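Trainee:
Protein chains: 2
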Amino acid sequence: MATWKNIDSLSSYKALFDLKDSVDLKKVMAGESGADRVAKYSVPMSCGLDYNFAAKQVDDKVLEGLAKLADEAELTEKYAELYNGAMINTGEKRLVLHHLARGQMGEDVIADGVNKREFYVGEQKKIAEFAGKVHAGEITNAAGEKFNTVVQIGIGGSDLGPRALYIALENWARANDTLKMEAKFISNVDPDDAAAVLKSVDVAHSLFIVVSKSGTTLETLTNEAFVKDAIEKAGLDPADHMLAVTSETSPLASNKGYLAAFFMDDYIGGRYSSSSAVGGAVLSLAFGPDVFAKILDGAAAADKLAANKDIFKNPAMLDALIGVYERNILGYDSTAVLPYSQALARFPAHLQQADMESNGKSVNRYGEPVNYQTGPVIFGEPGTNGQHSFYQLLHQGTDIIPLQFIGYKDSQIGVDLVIEGSTSQKKLCANVVAQIIAFACGKEDEDKNKYFEGGRPSSIIIGQQLNPESLGALLAHYENKIMFQGFLWNLNSFDQEGVQLGKLLAKRVLAHETDGALKALSDLFEI
Amino acid sequence: MATWKNIDSLSSYKALFDLKDSVDLKKVMAGESGADRVAKYSVPMSCGLDYNFAAKQVDDKVLEGLAKLADEAELTEKYAELYNGAMINTGEKRLVLHHLARGQMGEDVIADGVNKREFYVGEQKKIAEFAGKVHAGEITNAAGEKFNTVVQIGIGGSDLGPRALYIALENWARANDTLKMEAKFISNVDPDDAAAVLKSVDVAHSLFIVVSKSGTTLETLTNEAFVKDAIEKAGLDPADHMLAVTSETSPLASNKGYLAAFFMDDYIGGRYSSSSAVGGAVLSLAFGPDVFAKILDGAAAADKLAANKDIFKNPAMLDALIGVYERNILGYDSTAVLPYSQALARFPAHLQQADMESNGKSVNRYGEPVNYQTGPVIFGEPGTNGQHSFYQLLHQGTDIIPLQFIGYKDSQIGVDLVIEGSTSQKKLCANVVAQIIAFACGKEDEDKNKYFEGGRPSSIIIGQQLNPESLGALLAHYENKIMFQGFLWNLNSFDQEGVQLGKLLAKRVLAHETDGALKALSDLFEI
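Going down the list, the protein sequences come from chains A and B. Under our numbering, think of the first position of the first sequence as 690, with each following residue one higher. Under our numbering, think of the first position of the second sequence as 690, with each following residue one higher.
This is the structure in structure tokens:
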């Protein structure tokens, strides 16, 4: 059994503070030393990806210190406990089994009398069969016509992850002739969200998936009613157009008003649910079950890597350790995720949830306040767009923001043009390469307005192409990174009590049970 | 003439540090004191908006201190110099005239021998006339058919602002029967961006606007070539489908390959260019010139308010002062912008550029390093979506992140449903109200995992509806807030030297003029 301790009680952690000023990034990234680092500070990920951390503020000594920290914090032991079915989510007293949705990592996990791997695979099969029938025109609308659109109704993890993955592969799927149905998403309780999506689809040829683990999410149930109303107004029967993804114990599970229901369980948290039925239903319908299976394969390969004790064979753990070093030793408060791929436009928004909801906590897994900073602010937009936007602050602002770049050698669609001697894809790659050096090395200038201090650390994940496997690997890499950081900070990364108070107060406002400032604000909105 | 000084040399600034711990937000927002603050700490904005700062960490004493700071920093005097045509952009030696694109604030500004207000109005008229002819079917494609789509090709300020405004009003325009053409945007040099947009439009019925002030933006010229190629491959003449928005001195201006060219100038920076021809052309084509004129009217009204010396009659200045108080006195590093309106989905991305590119600087307007923090990290997503994502960290994380909420009493489309006693719009409003109190007041709980510390400051902008006027007012409010913060920090908020180094190095990579780490990284990408 691993021992769960606060990070500031670990001697390997305390030792890291002595190394704080040992790396002058500007210096070590200059000249041949920089080239050596690029070659040396690279760790293979799964599915052909590489994690290159040459431009991070580390050297062999720091890395040695981080390896000791990984050992002392028993990171891989904790991971093994997790995938073998220990009750890692102490707050909600739940197992944490999203890895099992994509592969068997260790022992069989039996919970509630069920082999959970078999349960997840069973749901995948049910979904694949259903999607196959929809695509083949065996399941149709009442008029016997094929469905061409799938609309996911969900919020948080039922929205951000699946939406980011859909957008990530939509163009790839078109280019590879595997876009079976277009997908849309309704998430916000803002009525304009549902109304606009409903206006943009042909309801008669659309399937709607209601996604809520508990079956009680206010926004989702509201939007479900909104959609049902629209289906009925179109003279159709909602039961012919609606699916549910929920837990077997939720009120939705026993509702007869669905064409089909697919199940997840309490052991997969919302922000980790893209590889469960939550992502599975919409992505299998949109891209076909084979594509979804490949996403899971990529994730499973990354999960396997994450079990390695050697930090140089475990990119997720290494990434996590460097992140904690930046947050706690170097004192950097936020992290930018910058994919040089338009297809990853919404991936940073997914990571915002995955990371900030998991590790944005002030108490450890025993409910005791911690004396160190935990999860950073995560934000990001695709490069090159960001270069023409907030990169100014990243380069010349008063705070140092660690950066995580992502880039691919090949585009997804393959339509490209040589303009002034290079393709757009080469230009894209040239830009990310240039940024890494610009941030690390800076530039001298007598005009201090044109002076770049440098010393701004970044890492990059490099791949051949963003495709289902490499996307799955990318997703799991970040999930595992976040998990390891949670272990390091001794947090429960799998509950989210911080979202409860707002829900409670909103109910009170709607019931007009308010006083003080809550009433005064409600009055301003004429609620 | 105003005197430009670093903020840490001002006595009113130093005095603020004594007030640092004077407001216990949790306490003052409780009970009747909280209700009093909601009533009292509210300042009317233009177009029916209100800026309510009841839940900010200020009291009468702090506000008095901030008023003194505004006076000592000569904020309104500097603003007056700006709109009267002083050379405020010291780095590039340029006037700063975006206010003049929406109204005459003070004296006539004559530059380059031209009355600049007349120049901007002249371009607006040219655009309005052109858009009118397109909408009336007087300007058509070669086959004599009407155009139905407009595609903006631009990056940074030529993309983020216009795109955010288009998305903000698209549903409003549909609901008000004024959506004349659908708009799309191509920005990234990633070839998949242009290829995907081109696949989604009917090229034969599309107008493409190439937007680049200098006429030399790599990404935009590349995408222009990409689009021209597609038009030609469709058997059409690009000159029948392409417009330019550029400066009169740019290479694009004299190019005969455009159906029309509209002009901006060097006195309107990219991130402030939504109210110039950069936003004007695409938005006038999409929504009609009258809608664009209303956006400008709303912005002009906000600009007028910003000239008031009294901080309680100048919401942009007050917002700026509170922001600086949070950043420099209270030491908070980032700011979340959280619109409770799905239509503002991309507004935070625009603000990211507007704010971080303007004030993410380490030297003052004279090129001297400053000894205080400047622009914060800006990020945000629409509520209620964010509630199910990163709000966990905002509520219970180890850092305090100041919040800026935006909310409206009415939806844009007007399609709504009463579900469990309330409409979706009421639920949306109830949520934002609830969040303000949850963040400010927190909640006691013996279980520390369910304990909310509170004391997390927020302000809210409240409006009746997001429509062209109130959107213009919102846009200008933030622009002016950023301007005042730049004045306070003594920065030149109107240049962006921090984006240059990356461009330079990318060119070197593409020319294969690299060594060291730059070459090693280029090799990894096989450039």
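Ideal Cβ positions, reconstructed from N, Cα and C, are used throughout, including at glycine. Quick caveat, the model's predicted, so the values are computed rather than measured.
List, in order along the chain, the chain B residues whose C-beta lies closer than 8 Å to that of residue 1137 (chain A)?
Mentor: By Cβ distance, chain B contributes 1052, 1056, 1057, 1058.
Trainee: Listing by chain order, which chain B residues have their CB less than 9 Å from the CB of residue 1022 (chain A)?
Mentor: Here the neighbours are 1022, 1023, 1066, 1088.
Trainee: Would you mind giving the Cβ-Cβ distance between residue 1200 (chain B) and residue 724 (chain A), rounded to the nearest angstrom? I have them listed as a contact below 8 Å.
Mentor: So it is not a contact: roughly 18 Å between Cβ atoms.
Trainee: Which residue from B:1051, B:1147, B:1020 puts its Cα closest to that of residue 1080 (chain B)?
Mentor: Taking only the C-alpha atoms, the option nearest residue 1080 (chain B) is B:1147.
Trainee: Mind checking if residue 1079 (chain A) is an interface residue toward chain B, Cβ cutoff 8 Å exclusive?
Mentor: Chain B contact via Cβ: present.
Trainee: Find the residues of chain B that neighbour residue 1030 (chain A), judging by a C-beta separation of less than 8 Å, and give them in chain order.
Mentor: Correct list: 879, 881.
Trainee: List the residues of chain A whose Cβ lies closer than 8 Å to the Cβ of residue 1071 (chain B), in chain order.
Mentor: Those within 8 Å of residue 1071 (chain B) in chain A are 877, 879.
Trainee: Along the segment 1201–1215 of chain A, where does the CB come closer than 7 Å to a CB of chain B? Name the residues.
Mentor: From the segment 1201–1215 of chain A, only 1205, 1206, 1207, 1208, 1209, 1210, 1211, 1213, 1214, 1215 have a Cβ closer than 7 Å to chain B.
Trainee: Assess contact between the segment 837–850 of chain A and the segment 892–909 of chain A, defined as three or more Cβ pairs (one per stretch) separated by less than 8 Å. Is contact present?
Mentor: Touching, yes, given that three or more Cβ pairs across the two stretches are closer than 8 Å.
Trainee: Residues in the same chain with beta-carbon distance under 7 Å from residue 1152 (chain A), minus the five sequence neighbours each way, listed in chain order, please.
Mentor: These residues qualify, in order along the chain: 737, 738, 1097, 1159.
Trainee: Is the CB of residue 1000 (chain A) under 8 Å away from at least one CB in chain B?
Mentor: So, not an interface residue.
Trainee: In chain order, what residues of the same chain lie with their CB nearer than 8 Å to the CB of residue 1186 (chain A), ignoring the 5 residues before and after it?
Mentor: Here the set comprises 780.
Trainee: Note down, in chain order, each residue of its chain lying with its Cβ closer than 7 Å to the Cβ of residue 706 (chain A), except the 5 sequence neighbours on either side.
Mentor: Around residue 706 (chain A): 1018.
Trainee: Starting from residue 723 (chain A) and walking both ways along the alpha helix (DSSP H), at which residues does that stretch end?
Mentor: Looking at the DSSP string, the run of the alpha helix (DSSP H) that includes residue 723 (chain A) is 720–729.
Trainee: Classify residue 1092 (chain B) as helix, strand or coil using the three-state DSSP reduction.
Mentor: It is a strand residue.
Trainee: Under a Cβ-count criterion, where at least 16 other Cβ atoms within 10 Å of its own Cβ denotes burial, should residue 943 (chain A) be classed as buried or exposed?
Mentor: With fewer than 16 Cβ atoms within 10 Å of its Cβ, residue 943 (chain A) is classed as exposed.
Trainee: Near residue 813 (chain A), what residues of its chain come up, given a Cβ to Cβ distance below 7 Å and the 5 sequence neighbours on each side ignored?
Mentor: Around residue 813 (chain A): 969.
Trainee: For residue 1122 (chain B) and chain A, any beta-carbon pair shorter than 8 Å?
Mentor: So yes, residue 1122 (chain B) belongs to the interface.
Trainee: Taking CB distances under 8 Å as the criterion, tell me whether residue 736 (chain A) reaches chain B.
Mentor: It does not; no Cβ of chain B falls within 8 Å.
Trainee: Residue 828 (chain A) to residue 1069 (chain B), Cα distance in whole Å?
Mentor: If I take the Cα positions, the gap works out to 40 Å.
Trainee: So which residues of chain A does residue 1105 (chain B) contact, with C-beta pairs closer than 7 Å?
Mentor: By Cβ distance, chain A contributes 880.
Trainee: Once DSSP output is grouped into helix, strand and coil, what is the label at residue 806 (chain A)?
Mentor: Here residue 806 (chain A) sits in helix by DSSP.
Trainee: Do we get a CB-CB distance below 8 Å when we pair residue 751 (chain B) with the residues of chain A?
Mentor: For residue 751 (chain B), the answer is no, since every Cβ of chain A falls outside 8 Å of its Cβ.
Trainee: In the DSSP assignment, what are the bridge partners of residue 874 (chain A)?
Mentor: A:841.
Trainee: Anything in chain A within Cβ reach of residue 901 (chain B), meaning under 7 Å, just list it in chain order.
Mentor: The premise fails here: residue 901 (chain B) is roughly 11 Å from chain A at the closest Cβ pair, so nothing lies under 7 Å.
Trainee: Over the uninterrupted beta strand (DSSP E) stretch that includes residue 740 (chain B), give me the two end residues.
Mentor: Per DSSP, residue 740 (chain B) belongs to the beta strand (DSSP E) from 739–741.
Trainee: Which parts of the segment 955–982 of chain A are runs of the alpha helix (DSSP H), unbroken and 4 residues or longer, counting only runs that do not cross its ends?
Mentor: Correct list: 966–976.
Trainee: Pick out whichever of A:735, A:1155, A:703 has its Cα sitting closest to the Cα of residue 1002 (chain A).
Mentor: Checking every option, the nearest Cα to that of residue 1002 (chain A) belongs to A:735.
Trainee: I need the boundaries of the alpha helix (DSSP H) containing residue 1011 (chain B), first residue and last residue.
Mentor: Counting along the chain, the alpha helix (DSSP H) containing residue 1011 (chain B) begins and ends at 1004–1013.
Trainee: Rounded to a whole number of angstroms, what is the C-alpha to C-alpha distance between residue 873 (chain B) and residue 1102 (chain A)?
Mentor: In a straight line, the C-alpha of residue 873 (chain B) is about 19 Å away from that of residue 1102 (chain A).
Trainee: Is there contact here, the segment 1189–1204 of chain B with the segment 879–888 of chain B, by at least three beta-carbon pairs under 8 Å?
Mentor: They do not touch, by the three-pair rule.
Trainee: Could you give the residue range of the beta strand (DSSP E) that holds residue 1152 (chain B)?
Mentor: First-last of the beta strand (DSSP E) with residue 1152 (chain B): 1147–1152.
Trainee: Could you confirm whether any beta carbon from chain B is found closer than 8 Å to the beta carbon of residue 1012 (chain A)?
Mentor: No, residue 1012 (chain A) lies away from the interface with chain B (no Cβ there is under 8 Å from its Cβ).
Trainee: Answer yes or no: do residue 789 (chain A) and residue 768 (chain A) have a C-beta to C-beta separation smaller than 8 Å?
Mentor: Taking 8 Å as the Cβ cut-off, residue 789 (chain A) and residue 768 (chain A) do not qualify as a contacting pair.
Trainee: Considering only heavy atoms of the ligand COA, does any lie closer than 7 Å to the CB of residue 759 (chain B)?
Mentor: What this structure holds is no ligand at all, so the ligand COA is not there to describe.
Trainee: Give me the subset of the segment 939–966 of chain A whose CB atoms are less than 9 Å from a CB atom of chain B, sorted by chain position.
Mentor: Within the segment 939–966 of chain A, the residues whose Cβ lies closer than 9 Å to some Cβ of chain B are 959, 960, listed in chain order.
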